[in-house]
Amino acid sequence: SYIRFGTIRDKDPKYDIQTGQLKLAGQDVADLFEPSIEAIIEAFEQQRRAASTPINMVCLVGSFAASDWLFTRLQKYFLPLGISFCRLDAHANKAVADGAVSFYIDHLVSSRVV
15 SYIRFGTIRD KDPKYDIQTG QLKLAGQDVA DLFEPSIEAI IEAFEQQRRA
65 ASTPINMVCL VGSFAASDWL FTRLQKYFLP LGISFCRLDA HANKAVADGA
115 VSFYIDHLVS SRVV
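Everything in the sequence shown is counted per this note's numbering, starting at 15 for the first residue and increasing by one.
Now the structure itself:
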């Protein structure tokens with residue numbers, strides 16, 4: 015994976031930076047997301063413990079929903095528990111912003127479940 019920054023003149027072979035791009039191994043990138051995955055799973059487990067009825071479906075929204083890797087990683091957790099796991103096909107990256115605007119304008123959001 016490559017992370018772009020600066021200009022094409024930026025380079026530092028010691029850190030594998032060439033033409034303004036930092037090269038990272040796939041596993042290094044995956045490791046960066048592990049705390050987020052753990053937080054998502056822990057938030058789900060807290061909700062599941064607090065729920066008065068069993069949870070049988072989880073829908074991933076927001077900008078993380080656009081990541082195929084993240085979706086697959088979380089799906090491996092939820093499916094063995096018998097929980098359907100889905101994500102929206104389009105506009106998933108604006109779900110939080112849309113909810114905030116709707117609440118401010120129309121007060122349509124009455125509660126949030128994390």
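Just so it is clear, CB atoms sit at the ideal spot from N, CA and C, and this is done for glycine as well.
Computed from a prediction, not measured in an experiment: that's the story for all the values here.
| Check | Outcome |
| --- | --- |
| Beta carbon of L102 nearer than 9 Å to that of V75 | yes |
| Identified DSSP bridge partners for F99 | V72 |
| Buried/exposed call for A53, threshold 16 Cβ in 10 Å | exposed |
| Pairwise C-alpha distance: D26 and L84 | 30 Å |
| For R87 and R18, the rounded distance between their alpha carbons | 25 Å |
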